[in-house]
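Chains as they are written, first to last, in my numbering: chain W, 1 to 232; chain P, 1 to 236.
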């Protein structure tokens, strides 16, 4: 019962719901379901069919990949309030990445057929999905730019500030339950370097580092820092 | 932007290009004539700017011929290419959709021939045609795969993987055989985010594996596209 209420709450606060008709909302409510995961559990294995569009009701997920030699990198940390996976669902391809719970999480699943139906039936929804894809594209381009141009502190600043991207992650809380190791995977740098970078950002008054978590004190400052490091 | 009455009729090349576009064929007769009445075209030489960062987005670009590069200059003056548009591709939709100033410069890498759809026409198509919106989803999704692949290669893989990704970015996505890719090697290095020397080493390695060859007189690389696709998958 409470899980149903949590699902209804997530759908209720999601920006894409605003443009739907009552029939469409009814079908979303009927088709969506939830599952809970312990920290470290796999939500979707890499290579599994993309049968659902995913939303995070509670907790934190990551989207990552592990290479044949065991190295892993995280493409995205997904905080509560966010929906993701639309790319793979649209293509109808096997998931090119794994989805793993970073901490205990509750995940909403919207079946692919419902998602595709909404795109065909609802112009506002289709527009929202295009904006979502566009925001993600912008994010990945900027990640490559940041990888090529910024020092480690700039890269960590960028990755932390992007967890608050208003289109992609509208519900992020200032307290981020990320270990330094997770931050390292998210920004593609070693743990030692993450430690140094966080120290720099803390000294600049932008974040506070506590055990197993990072608190963002000055989001605008973090954004400015990550732009300043690469702008010409 | 202006559509004066003296605007020349679309050239046969431009018309043929539009006729090959699935989104264009799906339009109503009315919307098709809107496109034909507002579309412009231009040619550009190597190094010519198509659009500048910090400026409003005036067009959606279709590439009839050539390569365009989306690039950025860092604080130390170094330049890197974030994306290359190839013949048949569309671009510039990102800034148009966000209604924001362009974030990156767009420059012609080779001589090129472009189809320019004005922002207003783009917006009308977006509001009126489901097929057009599907097409936008599709091309954005495809580009996302390219960026994620490059990011993964940069973080986790040997430089050879970045070269493989860069060559696949430049090659026809549907190519079934070998393809000649003719761009200067230092440009290839900018797309990979590697030094020219390191790209050379990677090219030699691909030549040894039979994935790439070159004819001695020309700078062009002849790329085994299906072979490179298998390389990218097998190294995964």
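All C-beta atoms, glycine included, are put in the ideal place defined by N, C-alpha and C.
All values reported here derive from a predicted model rather than from experimental measurement.
Residue i and residue j closer than 8 Å at C-beta
i, j, result
"residue 100 of chain W", "residue 62 of chain W", "yes"
"residue 81 of chain P", "residue 183 of chain P", "no"
"residue 108 of chain P", "residue 68 of chain P", "yes"
"residue 89 of chain W", "residue 36 of chain W", "no"
"residue 116 of chain W", "residue 32 of chain W", "no"
"residue 13 of chain W", "residue 171 of chain W", "yes"
"residue 87 of chain W", "residue 141 of chain P", "yes"
"residue 57 of chain P", "residue 102 of chain P", "yes"
"residue 265 of chain P", "residue 140 of chain W", "The structure shown has nothing for residue 265 of chain P, since chain P only spans 1 to 236."
"residue 73 of chain W", "residue 152 of chain P", "yes"
"residue 166 of chain P", "residue 191 of chain P", "yes"
"residue 174 of chain P", "residue 134 of chain W", "no"
"residue 207 of chain W", "residue 194 of chain W", "no"
"residue 177 of chain W", "residue 212 of chain W", "yes"
"residue 106 of chain P", "residue 51 of chain P", "yes"
"residue 19 of chain W", "residue 128 of chain W", "yes"
"residue 34 of chain P", "residue 121 of chain P", "yes"
"residue 82 of chain W", "residue 56 of chain W", "yes"
"residue 108 of chain W", "residue 34 of chain W", "yes"
"residue 207 of chain P", "residue 213 of chain P", "yes"
"residue 152 of chain W", "residue 196 of chain W", "yes"
"residue 178 of chain P", "residue 224 of chain P", "yes"
"residue 150 of chain P", "residue 144 of chain W", "yes"
"residue 222 of chain W", "residue 161 of chain W", "yes"
"residue 112 of chain P", "residue 43 of chain P", "yes"
"residue 67 of chain W", "residue 156 of chain P", "yes"
Bridge partner(s) assigned by DSSP for residue i
i, result
"residue 40 of chain P", "P:116"
"residue 58 of chain W", "W:106"
"residue 163 of chain W", "Bridge partners of residue 163 of chain W: none, in fact."
"residue 73 of chain P", "P:79"
"residue 182 of chain W", "DSSP lists no partner for residue 182 of chain W."
"residue 214 of chain W", "W:176 and W:209"
"residue 59 of chain P", "P:118"
"residue 79 of chain W", "W:60"
"residue 99 of chain W", "W:44 and W:63"
"residue 84 of chain W", "W:54"
"residue 222 of chain P", "P:180 and P:213"
"residue 68 of chain P", "P:85 and P:108"
"residue 90 of chain P", "P:62"
"residue 10 of chain P", "Residue 10 of chain P pairs with nothing; no bridge assigned."
"residue 49 of chain P", "P:107"
"residue 111 of chain W", "W:52"
"residue 203 of chain W", "Paired residue(s): none; residue 203 of chain W is not in a bridge."
"residue 94 of chain W", "W:49"
Beta-carbon separation (whole angstroms), residue i vs residue j, contact threshold 8 Å
i, j, result
"residue 106 of chain W", "residue 58 of chain W", "4 Å"
"residue 211 of chain P", "residue 228 of chain P", "6 Å"
"residue 72 of chain P", "residue 104 of chain P", "5 Å"
"residue 164 of chain W", "residue 219 of chain W", "6 Å"
"residue 9 of chain P", "residue 60 of chain P", "Contact flag wrong, Cβ pair sits at about 20 Å."
"residue 194 of chain P", "residue 181 of chain P", "At roughly 16 Å, the Cβ-Cβ gap does not stay under 8 Å, so residue 194 of chain P and residue 181 of chain P are not in contact."
"residue 85 of chain W", "residue 102 of chain W", "Residue 85 of chain W to residue 102 of chain W, Cβ: 16 Å. No contact."
"residue 131 of chain W", "residue 167 of chain W", "6 Å"
"residue 64 of chain W", "residue 97 of chain W", "6 Å"
"residue 74 of chain P", "residue 147 of chain W", "That belief does not hold up - the Cβ atoms of residue 74 of chain P and residue 147 of chain W are roughly 12 Å apart, past 8 Å."
"residue 185 of chain P", "residue 219 of chain P", "7 Å"
Within-8 Å CB hit, residue i to chain C
i, result
"residue 155 of chain W", "In the displayed structure, chain C is absent; the protein chains listed are W and P."
For this session: State whether the segment 136-144 of chain P contacts the segment 25-36 of chain P, with contact taken as three or more CB pairs (one from each stretch) at a distance under 8 Å.
Result: no
Exercise. Counting Cβ pairs closer than 8 Å, one from the segment 155-170 of chain P and one from the segment 116-133 of chain P, do we hit at least three?
Worked result: no
Problem set entry | alpha helix (DSSP H) runs contained entirely in the segment 15-76 of chain W, provided each spans 4 or more residues | 22-31
For this session: State whether the segment 47-67 of chain P contacts the segment 10-18 of chain P, with contact taken as three or more CB pairs (one from each stretch) at a distance under 8 Å.
Result: yes
Problem set entry | Ranges of the alpha helix (DSSP H) found wholly within the segment 128-215 of chain P, counting only runs of at least 4 | For the segment 128-215 of chain P, whole alpha helix (DSSP H) runs of length 4 or above, ordered along the chain, are 130-156, 159-170, 185-192 and 196-208.
Exercise. Is the segment 119-132 of chain P close to the segment 29-39 of chain P, with three or more CB pairs under 8 Å?
Worked result: yes
For this session: Decide yes or no for the touch test of the segment 147-161 of chain W against the segment 197-213 of chain W: beta carbon pairs closer than 8 Å, at least 3 of them.
Result: yes
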